[in-house]
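Participant: Using the numbering used here, you'd call the opening residue of the sequence shown number 771 and step up by one each time. C-beta: ideal position from N, C-alpha, C; glycine also.
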Amino acid sequence: MKDYEQEDPIPQGDLALQITALPRETNGFGDIYGGWLVAQMDLAGTAMASRAAAGRVATVSIERMAFMVPVAVGAQLSFYTQTLEVGRSSIQMLVEVWSEDPVSQEWRKVTEAVFVFVAIDGSGRTRPLPRRCSP
């Protein structure tokens, strides 16, 4: 078990994005598409990684992902990010999604993934991270 996985989880890291799950993002069963959630996680992670990298970053991998519960229409989703490791040009970041059900107001973890971002220059080539960048 990794350090960031917990028995009784609470959000890890900083709040990067909040959004309400809308009907247009659902499958035939009325649940929010997993792919839509991944896209929102990438947006949240990119926002935080680009801040740390002081510029443009590209997503190079998603190391693991686990969906824990479905997301209902109307759920308020909160995306938290935590920097796990910083390399010469890369940032490994945990991105968690938490949901507040609009009816029951139950707060629960929906999914998490480890994203890897690489700092890139204006030409799309890898560049070193600033020295001040740390986990």
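1. Once the 5 residues before and after Pro840 are set aside, which same chain residues still bring their CB inside 6 Å of it?
2. Quick one: Cα of Ala845 to Cα of Asn797, how far?
3. Does the Cβ-Cβ distance between Ala828 and Ile890 come in under 9 Å?
4. On a CA-only basis, which of Ala791, Ile789, Phe849 is nearest Ala883? Give me that one, please.
5. Assuming Leu864 is part of the beta strand (DSSP E), what are its boundary residues?
6. Looking at Thr881 and Met811, is the spacing between their C-beta atoms short of 9 Å?
7. List the DSSP bridge partners of Val888.
8. Just to confirm the assignment, what range does the alpha helix (DSSP H) spanning Ala819 have?
Facilitator: Let me lay it out:
1. Asp801
2. 15 Å
3. Yes; because the gap between Cβ atoms is below 9 Å, this pair is in contact.
4. Ranked by Cα distance from Ala883, the options Ala791, Ile789, Phe849 are led by Phe849.
5. 860-870
6. yes
7. Answer is Ala828, Ser860.
8. 804-823
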